[in-house]
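Residue numbers (this note's numbering), protein chains in the order written: chain H, 1 to 285; chain V, 286 to 570.
Report on the structure given below.
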């Protein structure tokens, strides 16, 4: 078998070919589709791989369980597009489509940090916050494909404005954007580097940042009660973050002392997780 | 068949006998178990019904998928109790045990406001906030049986203290406790009555209260993306609340205008929902 997974990003598409265990056999990076070109871009990518038996696509947006993309913020052309049906017809191959963060969660569940765990939540801490949920051994998609959007949970009622048009969203505090604001740096990565090198301002900012990260994790915990949080994204993957989050989470959750805290692990598949998970979609259902 | 469901509450136990469609055929109310007496209390209740074929128990606490009650805040004796196994052995009948709010959600799903809907969240707005989640046609229990505890989501970082030991929990704002605080009344029910009768202070407080209710519903929506919210509990069941929540929710959710708001309906089964859902547990698995 030769399953192809394609992660459609804001600036590039990453495609991988994987074996049945999810190991990457081949990889291709192309520019993101230009307006009107999503279908032809995907078809061109698939044509670059020989002996394809199935295709999975991770889309940055809301995808229904039958592979209709309701909308994708970075791809304004895509609106109620029957991407799965159209691709399948054009390619003559089994096609699956899902949200990109959900794909990343699937990959970490099946072949990364979450192997063997049937209740996990993947949280990507990057410029913003993305998420994917595995509950009871199944992908939690929600009624319309929007599940896992906890980056927009309100954690401070009249807090910082968010590009989503609302205020006080978790991702304004616990993302790279939030850390940069706390540390007064140009980016979250810069603040994190300063923290690692012992800068006192950055150390104080990091304490505050970890509080915000944990505050939102506890909110997700209250709703889903996972066994495991997998932290990914540029900031979530930094090894120095894990022990800070673990110790703070154990203190901060309701009922602490009466219950075990969920495990917190770093994502293992890095930026390929979305594409690997997309490739696995066809075998999942 | 003659399924018995028992809802173990803080002050009383409500037991019902239901037919296969979940209709209540008989009902019994007894005082809550005293210390040490949970097993004998439940066995006595079952003995009061003839021809019992299965028993379900809704417990106010954390229940694992194999019916072990980790702890129940109002029943200090109950700690890691193998309630399902012990009851089953003593009764010689199939027994199921689950969280009480989860039972109420099951009942509303199978025979109440959520019939035909496989993605719903039940939210009980009473003195506090309880919850139960049905996702993709299955009960979402979480890894340890704590799912649906979104009443303790932090919605204001340094907000009002909560009996759970933390600050700014949603239930400090969107419960009867929260409404009474906003309106300066002795209880949420009193404030609601004043609102219904046109009291201007209560009307202002109600506007603020609805904002808080919706803020938390949107947080749950972000994570679970249900098709339907079922509002129950003393305040959640007030018919005047529904239109206020519906219109505010449509404006407040991320991506509003690009997506359909979930439906919001009042619970239909009232205070019996937990016992009815408990009776249904045995047929669910």
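For every residue, glycine included, the Cβ atom is placed at its ideal position computed from N, Cα and C.
Anything in the region 84-116 of chain H with a Cβ closer than 7 Å to a Cβ of chain V? List those residues in chain order, please.
-> none
When you check each C-beta in the region 207-231 of chain H against every C-beta of chain V, which residues fall closer than 9 Å?
-> 211, 212, 215, 216, 218, 219, 220, 221, 222, 223, 224, 225, 226, 227, 228
Given residue 234 of chain H, which residues of its chain have a CB within under 8 Å of its CB, disregarding the five upstream and five downstream residues?
-> As a first step, residue 234 of chain H must be located in the first chain, where it is residue number 234. Closer than 8 Å at the Cβ level, and outside the excluded window around residue 234 of chain H, lie 125, 126, 127, 176, 188, 189.
Note down, in chain order, every chain V residue with its Cβ under 7 Å from the Cβ of residue 152 of chain H.
-> Locating residue 152 of chain H in the first chain gives position 152, counting from the first residue. What residue 152 of chain H touches in chain V: 507, 539.
Report buried or exposed for residue 114 of chain H, applying the criterion of at least 16 other Cβ atoms within 10 angstroms of its Cβ.
-> To locate residue 114 of chain H, count along the first chain from 1; it is residue 114. So residue 114 of chain H counts as buried.
Whole-number beta carbon distance between residue 95 of chain H and residue 81 of chain H, since they are thought to touch under 8 Å | In the first chain, residue 81 of chain H corresponds to position 81, counting from 1. In the first chain, residue 95 of chain H corresponds to position 95, counting from 1. Not really, about 13 Å apart at Cβ, beyond 8 Å.
For residue 318 of chain V, I'd like the list of residues in its chain whose CB is within less than 6 Å of its CB, leaving aside the five on either flank, ordered along the chain.
-> Here residue 318 of chain V refers to the residue found at position 33 when the second chain is read from its first residue. Hits under 6 Å: 326.
Identify the residues that DSSP records as bridge partners of residue 3 of chain H: which are they?
-> What you label residue 3 of chain H is simply residue 3 of the first chain in a count that begins at 1. Residue 3 of chain H pairs with H:18, H:54.
Closest to residue 237 of chain H by CA distance: which of H:208, H:192, H:255 is it?
-> Position 237 of the first chain, counting from 1, holds the residue named residue 237 of chain H. Residue 237 of chain H has its Cα closest to that of H:192, out of H:208, H:192, H:255.
Alpha-carbon spacing of residue 340 of chain V relative to residue 58 of chain H, whole angstroms = Along the second chain, read from residue 1 onward, the residue named residue 340 of chain V stands at position 55. Along the first chain, read from residue 1 onward, the residue named residue 58 of chain H stands at position 58. Spanning the two alpha carbons is a distance of roughly 45 Å.
When the Cα of residue 530 of chain V is compared with those of V:408, V:509, V:288, V:483, which residue comes out closest?
-> By one-based count along the second chain, residue 530 of chain V stands at place 245. The shortest Cα separation from residue 530 of chain V among V:408, V:509, V:288, V:483 belongs to V:408.
Residue environment, residue 240 of chain H, which counts as buried when at least 16 other CB atoms sit within 10 Å | Looking up residue 240 of chain H in the first chain gives position 240. Counting Cβ neighbours within 10 Å, residue 240 of chain H comes out exposed, since fewer than 16 surround it.
Kindly list the residues whose CB is nearer than 8 Å to the CB of residue 228 of chain H, restricted to its own chain and excluding five residues on each side of it in sequence; keep chain order.
-> Translated into the one-based positions of the first chain, residue 228 of chain H becomes position 228. 113, 114, 117, 119, 120, 121, 262, 263, 264, 265.
CB contact flag (residue 160 of chain H, residue 167 of chain H, <8 Å) = In the first chain, the residue the question calls residue 160 of chain H occupies position 160. In the first chain, the residue the question calls residue 167 of chain H occupies position 167. For residue 160 of chain H and residue 167 of chain H, yes; Cβs fall inside 8 Å.
Using 10 angstroms around the beta-carbon of residue 345 of chain V, count the other beta-carbons present and answer buried if the total reaches 16, otherwise exposed.
-> Taking the second chain and counting its residues from 1, the one referred to as residue 345 of chain V is at position 60. By the 10 Å Cβ count, residue 345 of chain V comes out buried.
Own chain, CB closer than 8 Å to residue 371 of chain V, minus 5 neighbours either side, in chain order | As a first step, residue 371 of chain V is located in the second chain; it is residue number 86 there, counting from the start. The answer, listed in chain order, is 324.
Would residue 97 of chain H pass as a contact of residue 67 of chain H if the rule is Cβ separation under 8 Å?
-> If you number the first chain from 1, residue 97 of chain H lands on position 97. If you number the first chain from 1, residue 67 of chain H lands on position 67. Taking 8 Å as the Cβ cut-off, residue 97 of chain H and residue 67 of chain H qualify as a contacting pair.
Of all the CB atoms in chain H, is at least one closer than 8 Å to the CB of residue 536 of chain V?
-> Reading the second chain from its first residue, position 251 is the one you call residue 536 of chain V. Not closer than 8 Å to any Cβ of chain H, the Cβ of residue 536 of chain V fails to qualify, so no.
Length of the line joining the Cα atoms of residue 109 of chain H and residue 454 of chain V | As a first step, residue 109 of chain H is located in the first chain; it is residue number 109 there, counting from the start. As a first step, residue 454 of chain V is located in the second chain; it is residue number 169 there, counting from the start. One C-alpha to the other measures close to 31 Å.
Decide if the region 204-223 of chain H is in contact with the region 426-444 of chain V; the criterion is three or more beta carbon pairs, one per stretch, under 8 Å apart.
-> yes
Starting from residue 315 of chain V, trace the alpha helix (DSSP H) both ways and give me its first and last residue.
-> On the second chain, residue 315 of chain V is found 30 positions in, with the first residue counted as 1. Careful: residue 315 of chain V lies outside any alpha helix (DSSP H), inside the beta strand (DSSP E) at 309-316.
Residue-chain proximity (residue 265 of chain H, chain V), Cβ-Cβ < 8 Å = The residue given as residue 265 of chain H occupies position 265 in the first chain. False, the Cβ-Cβ gap to chain V never drops below 8 Å.
According to DSSP, what are the bridge partners of residue 488 of chain V?
-> Taking the first residue of the second chain as position 1, residue 488 of chain V is located at position 203. Partner(s): none; residue 488 of chain V has no beta bridge.
Could you work out which residues of chain V lie near residue 329 of chain H, taking near to mean beta carbons separated by less than 8 Å?
-> Past the edges of chain H, shown from 1 to 285, lies residue 329 of chain H, and the structure says nothing about it.
Return helix, strand or coil for residue 365 of chain V, following the three-state DSSP convention.
-> For the purposes of this step, residue 365 of chain V is taken as residue 80 along the second chain, with counting starting at 1. The answer is strand: DSSP assigns residue 365 of chain V an E or B state.
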